[in-house]
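Heads up, the sequence shown is in our numbering, so the first residue is 45 and it goes up one at a time. Reading through the structure tokens given below for one structure.
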Amino acid sequence: MNQEGTIFKPNEIDADLRERLETLKRYANTEIEKCDELIQEREKELEEYKQLRKKVAEFPKVLRREDWLPINDFAFIRGTYNNTNKFYTLLGSQYFVERSSVETVEFIERRMKGFFDLLYLLLQ
Numbered sequence: 045m046n047q048e049g050t051i052f053k054p055n056e057i058d059a060d061l062r063e064r065l066e067t068l069k070r071y072a073n074t075e076i077e078k079c080d081e082l083i084q085e086r087e088k089e090l091e092e093y094k095q096l097r098k099k100v101a102e103f104p105k106v107l108r109r110e111d112w113l114p115i116n117d118f119a120f121i122r123g124t125y126n127n128t129n130k131f132y133t134l135l136g137s138q139y140f141v142e143r144s145s146v147e148t149v150e151f152i153e154r155r156m157k158g159f160f161d162l163l164y165l166l167l168q
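Below, the structure is given as structure tokens:
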């Protein structure tokens, strides 16, 4: 039986193994950094949902509300909100549905639960 292969000296094996381990370590650190960034983004989104839930819960306590109304991302005008108990909720893919404030808060809480579950998985 003829066995062919490369003969390594012990120092060469250590150097090759060390190089492979360093490559693996760099890859693992890169993936850890990506996960940390994802966790920070999700925590920020979760905080935004908490603020939104608070606003939606407080909004219908008054039947009419004077406030600054957005025209676009940069412009606002002074106006009055009527029917403060109605909200349009984005279901996805440009589909909106009209809901009451209670239904909207429940929807926001379901979205927040999804974020909590994702954060739990990422932190394990």
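Positions of the beta carbon are idealized from the N, C-alpha and C atoms, including for glycine.
Exposed or buried, what is residue 140 when buried is set at 16 or more other beta-carbons lying within 10 Å of its beta-carbon?
exposed
Pull up the distance between the alpha-carbon of residue 106 and that of residue 128, whole angstroms please.
It is roughly 7 Å from the alpha-carbon of residue 106 to the alpha-carbon of residue 128.
Keeping to the same chain, check which residues put their C-beta closer than 6 Å to that of residue 110; ignore five residues upstream and five downstream.
124
According to DSSP, is residue 121 part of a helix, a strand, or is it coil?
strand
Confirm, please, whether the CB-CB distance from residue 112 to residue 120 is below 9 Å.
In contact: residue 120 and residue 112 (Cβ atoms closer than 9 Å).
So residue 86 and residue 162 are in contact, right, with Cβ under 8 Å, and what is the actual spacing, rounded?
6 Å
Answer yes if the segment 66-78 comes into contact with the segment 144-152, meaning at least three C-beta pairs across the two stretches below 8 Å, and no otherwise.
no
In this structure, what does DSSP give as the bridge partners for residue 111?
Paired residue(s): 123.
Boundaries of the alpha helix (DSSP H) in which residue 144 is found, first to last residue
Not the alpha helix (DSSP H): residue 144 falls in the beta strand (DSSP E), residues 139-144.
Under 9 Å between C-beta atoms of residue 61 and residue 160:
With respect to residue 160, residue 61 sits apart: the two C-beta atoms are not nearer than 9 Å.
Quick one: what's residue 133 bridged to in DSSP?
141
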